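Read through the structure below, which is laid out as structure tokens, and then see the notes.
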Amino acid sequence: MPSTAGSTTPTGTTGRPELRDRVRRFSIVERTVHQTTVLLMLLCVTTAACLYFAPLSQLIGRRHLLATIHVWSGIALPLPSLLGLFSAAFRADLRRLNRFAPYDRQWLSAALRRRTAPEARPAGKFNAGQKLYAGSLAGAVLVMLFTGLLMWCVGLLPFISRTSAIFVHDLVAWAIAIALIAHLRKALADPEALLAMRTGHVSRTWAERHHKHWLP
Amino acid sequence: MSGGTPKRASEGAPVGRRALLGVLGAGAAGLAAAPYLQHGWERFLGAASQADPTGLTGLLPNPGGFRYYSVVGSVPRKDATTYRLRLDGLVRTPRTYTLDALRALPQTRIVHDVLCTDGWRVKQTPFTGVRLADLLDAAGVRPSGAAVRFTCFDGAYSESLTLEQARRSDVLVALTMQDKPLTHEHGGPVRLYVAPMYFYKSAKWLSGISVTDKVVPGYWEERGYAVDGWLDDADRHDRAA
């Protein structure tokens, strides 16, 4: 699978064999799901900002166009993940994200005590933070979808007022924004994790260091 | 499907699912608690945007309680020298008003809550201007006139009222808001103000009033909004429609 071999002959240098020893982390389907979700989320967030923040509204205007893009990118947001369910690799990773192993609790308590050493933070293919992020973000997207539909189709559920739906939509939007910024910061802080999402592969040393319960 | 699925991973507690359901539950609780919490949240945003130590407050969604909506990319600015209001259609004497001409007419002041369909509200906001009924009377509506169409110098927005609605005493061609001349952001120099209806009916940047023989749906009304934008019972404080 890895096509980056090229110099498989032992060079005898002291450097770690990162280029030679690649491990596959994400399939093409999983990466496509992630990339399309990123694209839809970006559309959703930027149009939301233009609709919500006064200076951007005054700068951009075009309220109907922005609202239309916002609504449809929001409705489409779960679709990549739903289509991803056709892939066995994607389903397997969803199962991994769902289940907490004993070492995940250890990871969480280390994170709460701000211990950053990888030895203190054992993890499977996904660490406890990634598991909590995935689950709660999925929930948040569904809440946004539900409250958004309530705002869009006025009178869909008459016992929930439009103002209530907007109130929850606004608050959860702030929560999602904070979560996305944290996600982005984590990703940017670890070039190898970025590489995993871009190319699908990581080095074995990285995997063993940050996800020691992942590889058999 | 088949082999390769991580059997070991299915051992632990389903924390991911619990996180998802927990957020769904929090969302449902938020919807249930919203009527009680929402005013606090709006007060927080309003207070934060009115106390202005940094200028960052302009970033918040509703400076001064209002939010800026425009359906076009940019709106030309008009002042006393460039502004004109054209009143025509099914009237005996079509008229064109300058800003000074409007200012010279008898003014009416109305204090009412401003309510947007997007949920924000600005309490007890004074508007001053000329009663639309006075302008219609001055022009002389022909018997065939049944409705009024409003157009705006942003080039896109439009609104409508029935003639009966337009003749109400709480419908103004407004020149001031909060006792100050209407700013460009708030639809100045002249906007429509329909006190008993949601704020989308109060077209900003008003430049044309045309009497028609039937209601011509406005911009948002062609996009699903109610043509009759009466405030809901819960949102209405004074006289009935």
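Just so you know, the protein sequences line up as chains G and Z, in that order.
If you use this note's numbering, the first sequence corresponds to residues 246 to 461, in order.
If you use this note's numbering, the second sequence corresponds to residues 11 to 251, in order.
Ideal placement from N, C-alpha and C gives every residue a C-beta, glycine not left out.
The structure presented is a predicted model; accordingly, all values stated were derived computationally and were not measured.
*Using a cut-off of 9 Å between C-beta atoms, extract the partners of residue 188/Z located in chain G.*
At a beta-carbon threshold of 9 Å, none of the residues of chain G lie near residue 188/Z; the nearest stands roughly 17 Å away.
*Which residues in the same chain have their Cβ closer than 8 Å to the Cβ of residue 250/Z, if we skip the five residues on either side of it in sequence?*
Low per-residue confidence applies at residue 250/Z: pLDDT is 35, beneath 50, and the placement is therefore not dependable enough to give any value.
*For residue 220/Z, which residues from the same chain have a beta carbon less than 6 Å from its beta carbon, with the 5 sequence-adjacent residues on both sides left out?*
Result list for residue 220/Z: 98, 99, 159, in chain order.
*asked:* For chain Z, check one thing: does any of its Cβ atoms lie closer than 8 Å to the Cβ of residue 267/G?
replied: False, the Cβ-Cβ gap to chain Z never drops below 8 Å.
*asked:* Going by DSSP in three states, residue 174/Z sits in which element: helix, strand or coil?
replied: If DSSP states are grouped into helix, strand and coil, residue 174/Z belongs with the helices.
*Go through its chain and collect everything with a Cβ distance to residue 271/G's Cβ below 7 Å, but skip five positions before and after it.*
Here residue 271/G has 441, 442, 445 as same chain residues with Cβ atoms under 7 Å from its own Cβ, once five neighbours each way along the sequence are excluded.
_Determine whether the beta carbon atoms of residue 289/G and residue 318/G lie at a separation below 8 Å._
Yes; because the gap between Cβ atoms is below 8 Å, this pair is in contact.
_Close Cβ partners of residue 438/G (< 7 Å) along its chain, the five nearest in sequence each way excluded_ = Closer than 7 Å at the Cβ level, and outside the excluded window around residue 438/G, lie 432.
*Compute the Euclidean distance between the alpha carbons of residue 34/Z and residue 106/Z, then round it to the nearest angstrom.*
Rounded to the nearest whole angstrom, the CA to CA distance from residue 34/Z to residue 106/Z is 56 Å.
*Answer with buried or exposed for residue 213/Z, where buried requires no fewer than 16 other C-beta atoms within 10 angstroms of its C-beta.*
So residue 213/Z ends up on the buried side.
*Could you give the DSSP three-state label for residue 446/G: helix, strand or coil?*
Residue 446/G falls in the strand class under three-state DSSP.
_In whole angstroms, give me the CA-to-CA distance for residue 142/Z and residue 177/Z._
Rounded to the nearest angstrom, the two C-alpha atoms are 7 Å apart.
*Taking just the CA atoms, how far does residue 218/Z sit from residue 96/Z?*
In a straight line, the C-alpha of residue 96/Z is about 5 Å away from that of residue 218/Z.
*Taking 8 Å as the CB-CB cut-off, is residue 408/G touching chain Z?*
At least one chain Z Cβ lies under 8 Å of residue 408/G.
_By the 8 Å beta-carbon criterion, what residues does the segment 304 to 333 of chain G contribute toward chain Z?_
Contact residues of the segment 304 to 333 of chain G toward chain Z are 305, 306, 307, 308, 309, 333 (C-beta to C-beta distance below 8 Å).
*Please name the residue in 427/G, 389/G, 305/G, 327/G whose C-alpha comes closest to that of residue 292/G.*
It is 305/G.
*Roughly how many whole angstroms lie between the Cα atoms of residue 222/Z and residue 284/G?*
Going by the C-alpha atoms only, they are around 46 Å apart.
*What are the boundary residues of the alpha helix (DSSP H) that residue 94/Z is part of?*
Counting along the chain, no alpha helix (DSSP H) covers residue 94/Z; the unbroken beta strand (DSSP E) around it starts and ends at 94 to 99.
_Euclidean distance between Cα positions of residue 147/Z and residue 140/Z_ = Their Cα atoms are separated by approximately 12 Å.
*asked:* With a threshold of 8 Å between beta-carbons, can residue 357/G be considered close to chain Z, or not?
replied: Judged by the 8 Å Cβ criterion, residue 357/G is not in contact with chain Z.
*Among the residues of its own chain, which have a CB less than 6 Å from the CB of residue 26/Z, if the five just before and after it don't count?*
Residues of the same chain with their beta carbon placed closer than 6 Å to that of residue 26/Z are lacking, with the five preceding and five following residues left out of the count.
_Inter-residue spacing [alpha-carbon to alpha-carbon] between residue 157/Z and residue 332/G_ = The straight-line gap from Cα to Cα measures roughly 59 Å.
*Whole angstroms is fine: what's the gap from residue 260/G's alpha carbon to residue 420/G's?*
Note that residue 260/G scores a pLDDT of 45, beneath 50, so its modelled location is shaky; the value from the coordinates is reported in the next line. Here the alpha carbon of residue 260/G sits roughly 42 Å from the alpha carbon of residue 420/G.
*Burial state of residue 344/G, where buried means 16 or more other Cβ atoms lie within 10 Å*: Label assigned to residue 344/G: buried.
*DSSP puts residue 162/Z in a beta bridge; with which residues?*
Per DSSP, 216/Z.
*Out of 358/G, 399/G, 341/G, 268/G, point me to the one whose CA is closest to residue 242/Z's CA.*
Here the closest residue by C-alpha is 399/G.
*Mind listing which residues of the segment 81 to 104 of chain Z have their C-beta closer than 8 Å to chain G's C-betas, in chain order?*
Only those residues of the segment 81 to 104 of chain Z whose C-beta falls short of 8 Å from the nearest C-beta of chain G are listed: 81, 82, 83, 84, 85.
*For residue 464/G, I'd like the list of residues in its chain whose CB is within less than 8 Å of its CB, leaving aside the five on either flank, ordered along the chain.*
Here chain G comprises residues numbered 246 to 461, so residue 464/G is not present and cannot be evaluated.
*With 16 other CB atoms within 10 Å as the buried threshold, where does residue 275/G fall?*
Residue environment analysis places residue 275/G among the buried positions, since at least 16 neighbouring C-beta atoms fall within 10 angstroms of its C-beta.
*the segment 383 to 390 of chain G in contact with the segment 360 to 374 of chain G per 3-pair CB rule at 8 Å*: Taking one beta carbon from each stretch, the segment 383 to 390 of chain G and the segment 360 to 374 of chain G have fewer than 3 pairs nearer than 8 Å; the two do not touch.
_Less than 8 Å between the beta carbons of residue 124/Z and residue 135/Z, yes or no?_
Contact flag set, yes.
*Tell me whether residue 221/Z sits in a helix, a strand or coil according to DSSP, three-state version.*
Three-state result, residue 221/Z: strand.
_Using beta carbons (cut-off 8 Å, strictly below), is residue 198/Z in contact with chain G?_
No, residue 198/Z does not count as interfacial toward chain G.
_Residue range of the alpha helix (DSSP H) that includes residue 188/Z_ = No alpha helix (DSSP H) contains residue 188/Z, which DSSP labels as neither H nor E.
*By how many angstroms is the C-alpha of residue 104/Z removed from the C-alpha of residue 44/Z?*
Distance between the alpha carbons of residue 44/Z and residue 104/Z: 49 Å.
_Within 10 Å of its beta-carbon, does residue 121/Z have 16 or more other beta-carbons around it, so buried, or fewer, so exposed?_
Answer is exposed; the Cβ neighbour count stays below 16.
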